[in-house]
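So the protein lines, in turn, are chains A and B.
Mapping of the first sequence onto my numbering: position 32 corresponds to residue 32, and the numbering continues sequentially without gaps.
Basically my numbering = 1-based index in the second sequence + 1000.
Where a beta carbon is used, it is the ideal one built from N, C-alpha and C, also for glycine.
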Amino acid sequence: GENVEQHPSTLSVQEGDSAVIKCTYSDSASNYFPWYKQELGKGPQLIIDIRSNVGEKKDQRIAVTLNKTAKHFSLHITETQPEDSAVYFCAARNTDKLIFGTGTRLQVFP
Amino acid sequence: NAGVTQTPKFQVLKTGQSMTLQCAQDMNHEYMSWYRQDPGMGLRLIHYSVGAGITDQGEVPNGYNVSRSTTEDFPLRLLSAAPSQTSVYFCASSYSTPGSQETQYFGPGTRLLVL
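So, in structure tokens, the structure goes:
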């Protein structure tokens, strides 16, 4: 089955700096890769996703890149703000299932 | 719309007790799923359903049962709770399977402690 690895597990950045979170997946048949943000005490919320026929997608300060050959995808947050502090999860779709990475705790210091 | 609702918010059980975690959505979503979240392990899929009357196993189904008699409800049953089932449980739903054009919405979670 699919296996998703996510790095780093924690990330601290200064406000205004960029943050990058990386994930790798094992099943070359996976074709959908969402990113979720989870704030304390809440359920995860989708922030951006990318499909296997696209190499990059951007939404304001957030971008995701996908390298199908290497089977890895990354989340890029530019001009980070304190409200970006949260746990971020990547995921990969395998048939009817979403398989999640282990999460990255991002802290943005003012 | 209330979105995805889960009850209870918090529950303490003794080993061997049974209980049902409730999940409901009012968005007419066909696809519903249950995840558990443990420190350092991310979200792991327990069971999922692609529509009323249809359920299937996820990554970690042992010790849990589900049923889907209506589109709106997808309860998760623990028949004999074990300390290893201490976790935060999330229910999620979407119009169709993840990877279609539809966003998967998560509920607020149920925190379960098994003593």
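Any Cβ of chain A closer than 8 Å to the Cβ of Leu1076 of chain B would place that residue at the interface, and such an atom is absent.
Under DSSP, the beta-bridge partners assigned to Asp1073 of chain B are B:Ala1024. For Asp84 of chain A, the secondary structure class from DSSP, reduced to helix, strand or coil, is helix. For Val1050 of chain B, the enclosing beta strand (DSSP E) starts and ends at Gly1042 to Gly1051. With distances taken between CA atoms, Gly1107 of chain B lies nearest to B:Pro1075 out of B:Leu1115, B:Pro1075 and B:Val1114. The three-state secondary structure of Pro44 of chain A, taken from DSSP, is coil.
In terms of CA proximity to Ala1082 of chain B, B:Leu1013 leads the group B:Val1050, B:Ala1052, B:Leu1013 and B:Tyr1031.
Counting C-beta pairs closer than 8 Å gives three or more between the segment 1027-1038 of chain B and the segment 1078-1098 of chain B, which meets the contact rule.
About 7 Å separates the beta carbons of Asp96 of chain A and Tyr1048 of chain B, which is inside the 8 Å limit, making them a contact pair.
Put simply, the CB of Pro1008 of chain B is far from chain A, with every gap to its CB atoms at 8 Å or more. Checking the DSSP bridge columns, you'll see Val13 of chain A partnered with A:Val108. By the Cβ neighbour-count rule, Gly1058 of chain B is buried, with 16 or more other Cβ atoms within 10 Å of its own.
Chain B has a Cβ within less than 8 Å of the Cβ of Thr102 of chain A. According to the DSSP assignment, Asn67 of chain A belongs to the beta strand (DSSP E) that extends over Ile62 to Asn67. Taken through DSSP and simplified to helix, strand or coil, Gln1011 of chain B comes out as strand. Its chain contains Thr10 and Val87 as the residues whose beta carbon lies nearer than 6 Å to that of Arg105 of chain A, once the 5 sequence neighbours on both sides are disregarded; these appear in chain order. In this structure, A:Asn31 is the residue among A:Asn31, A:Ile47, A:Gly41 and A:Leu46 with its C-alpha nearest to the C-alpha of Asn53 of chain A. For Val54 of chain A, no beta strand (DSSP E) run applies, since DSSP gives it neither H nor E.
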